[in-house]
Structures are given as structure tokens and as C-alpha cells.
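What follows is a short report on a single structure.
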Amino acid sequence: AQSVTQLGSHVSVSEGALVLLRCNYSSSVPPYLFWYVQYPNQGLQLLLKYTSAATLVKGINGFEAEFKKSETSFHLTKPSAHMRDAAEYFCAVSGHSGNTPLVFGKGTRLSVIA
Amino acid sequence: GAVVSQHPSRVICKSGTSVKIECRSLDFQATTMFWYRQFPKQSLMLMATSNEGSKATYEQGVEKDKFLINHASLTLSTLTVTSAHPEDSSFYICSAHGGRKGGNTIYFGEGSWLTVV
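Line order of the protein sequences matches chains D and L.
Under the working numbering, residue 114 is the last one in the first sequence; the count climbs by one each step, no gaps.
Under the working numbering, residue 231 is the last one in the second sequence; the count climbs by one each step, no gaps.
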């Protein structure tokens, strides 16, 4: 079984400040891990994914995440927040098979304060 | 461009009627597609796994007779919400794995907003 826990349903940062969104996973098999962003009334956009290659994964819009097996974590970071980063962020886990669905965390709403 | 397309993107229907949502893989064949549901301000929950040429596998608590899934071809899965009620109003989104030819990654459709009045 797989699961994801996102710590903090709402994170608020000032514009230009560091963004840190936390994600811990549980998986009985080596996981694939994903971060998605969802803007209001829109679908999902993939930010980045970990598929057992490099543990530090760089994504779009300046985001990156580091896979830490010892901590079972895959936290999302961005050095400097922009107003346009305000959105809902979902961490997700899956197995390696293409027939495995994603299991999503509850999401973290990021607010950016001017 | 989108490699998984959903239609319609938004639909309003009357209570008691049925609504069909299509999910198409545009550049690859998908033997397996997944259907998720997202209620307002909540996360995405897997509803069912759609298998080409066979019956869908439903998650616990999802009524298979209410949410009919048909995966008649390698590029099309449909979700039909039968006898829709206002509580079925939600965001429905599908995904498919691209396999080796599809970049070996998971693609999501744009999603479909269903409002039942």
C-alpha cells in the first residue's frame, strides 16, 4: 500500500521568500514521486517527478524537490516565491508499473503575500 | 499539446439525467486509464481503473452501477454518471500511462467539471 502525507494544509509566505512544502510518503515498493500544481478552477500541471534517477529533481517554474529515502520525504522547495505561485500543490506517489494509479496527498494551499 | 484529452470540460445537467465524459489518449495507446474525482477544496481520489477490453476495477465506496466505465478501445475510456444527483457535482479527471512510446510517464486529461442542478 502507498500513501502520502502533506504537512500543512495551508502555507503562507511573503513574495521573495523561500517556499517549502512538505511531503512524506509510505510505500512498500520503491516509489515514483510527483508534485502537481492546481490553479483555481483548472486541472493538474506536473511540476516535477522522481523516478529513481537523481535524488534532486528540478522542475518547472523554479521548483525542485529532493528524494530522501532515509526520511521517506520528498519536500518541494523554491528559493523565491512569486505571486503567481499561489495555488494548490499536491504530492503523489505511485509504483513503477504503468498500471499503477497515483495516490495523492490532501494538498497544500500556498498563499503568497505581497 | 495535450496527449490526453477530456470532453466535455464543463457540463451542467439536470438531476436524474446521465452524463458521459470521454477520455482519449491522443498520441499513444493506453490499455489502462484511471478515473479520479475531486470535490471542492479536497484532494483527488481514485474512483476506478479502466481496463481496455475488460471490466473496470472500482475503488471501495464507488458505485459501479452509478459510474459506468467503458474502455472499448486502446485510446478511449468513457465515464458515465447515471441518474446524476447534486452530490455528484465534482471535478472528474482521467489519466493514462504513456508506456515506452509515450515517454514512459503519466498524463492527465484537462478534467471535466460536472454540475448537477
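Note that CB positions come from ideal geometry on N, CA and C, so glycine has one too.
This one's a predicted model, so the numbers in the text were calculated from it and none came from an experiment.
Please compile the residues from chain D whose C-beta is within a distance smaller than 7 Å of the C-beta of glycine 225(L).
-> Gly43
Is DSSP giving asparagine 184(L) helix, strand or coil here?
-> strand
Kindly say whether serine 187(L), judged by its beta-carbon, lies nearer than 7 Å to any beta-carbon of chain D.
-> no
Work out the CA separation of threonine 131(L) and proline 122(L) for me, nearest whole Å.
-> 16 Å
Use the C-beta contact count for valine 231(L): other C-beta atoms within 10 angstroms, 16 or more gives buried, fewer gives exposed.
-> exposed
Can you tell me which of the three DSSP states asparagine 24(D) falls into?
-> strand
Serine 9(D), enclosing beta strand (DSSP E) - first and last residue = Neither: serine 9(D) is in no beta strand (DSSP E) and is coded neither H nor E.
Could you say if the segment 37-47 of chain D and the segment 80-88 of chain D meet the contact criterion of at least three C-beta pairs nearer than 8 Å?
-> yes
Could you pull out every unbroken beta strand (DSSP E) segment of at least 3 residues lying fully inside the segment 164-221 of chain L, listed in chain order?
-> 181-187, 190-195 and 204-211
Contact check, tryptophan 35(D) vs leucine 7(D), beta carbons under 7 Å = no
Using the beta-carbon of each residue, which ones in chain L are nearer than 8 Å to glycine 107(D)?
-> Gln156 and Ser157
How close, in whole Å, do the beta carbons of asparagine 115(D) and threonine 5(D) come, if the pair is a contact with beta carbons under 8 Å?
-> Past the boundaries of the shown model lies residue 115(D); chain D is included only from 1 to 114, so the question cannot be answered.
Could you give the C-beta distance for valine 118(L) and leucine 228(L), rounded to a whole number, given that I count them as a contact under 8 Å?
-> Actually they do not touch by this definition, with Cβ atoms about 18 Å apart.
Which term fits aspartate 202(L), buried or exposed, when burial requires 16 or more other beta carbons within 10 angstroms of its beta carbon?
-> buried
Distance between glutamine 156(L) and proline 31(D) (C-alpha atoms, nearest Å) | 23 Å
With 7 Å as the limit, tell me which residues of the segment 86-103 of chain D have their beta carbon closer than that to any beta carbon of chain L; keep them in chain order.
-> Phe90, Gly98, Asn99, Pro101 and Leu102
Taking Cβ positions only, does leucine 228(L) come closer than 7 Å to chain D?
-> no
Taking leucine 160(L) as the query, report the chain D residues whose CB atoms sit under 7 Å from its CB, ordered along the chain.
-> Pro101
Just curious, the beta strand (DSSP E) that histidine 75(D) is in, first and last residue?
-> 73-78
When you compare each of His96(D), Lys106(D), Ser9(D) and Arg22(D) to glutamate 71(D) by their alpha carbons, which one comes out closest?
-> Arg22(D)
Cα separation between histidine 82(D) and valine 112(D)?
-> 7 Å
Answer with buried or exposed for serine 204(L), where buried requires no fewer than 16 other C-beta atoms within 10 angstroms of its C-beta.
-> buried
Verify whether the separation of the beta carbon atoms of valine 29(D) and lysine 78(D) is less than 7 Å.
-> no
Relative to the C-alpha of glycine 105(D), which residue among Cys91(D), Ala114(D) and Lys68(D) is closest?
-> Cys91(D)
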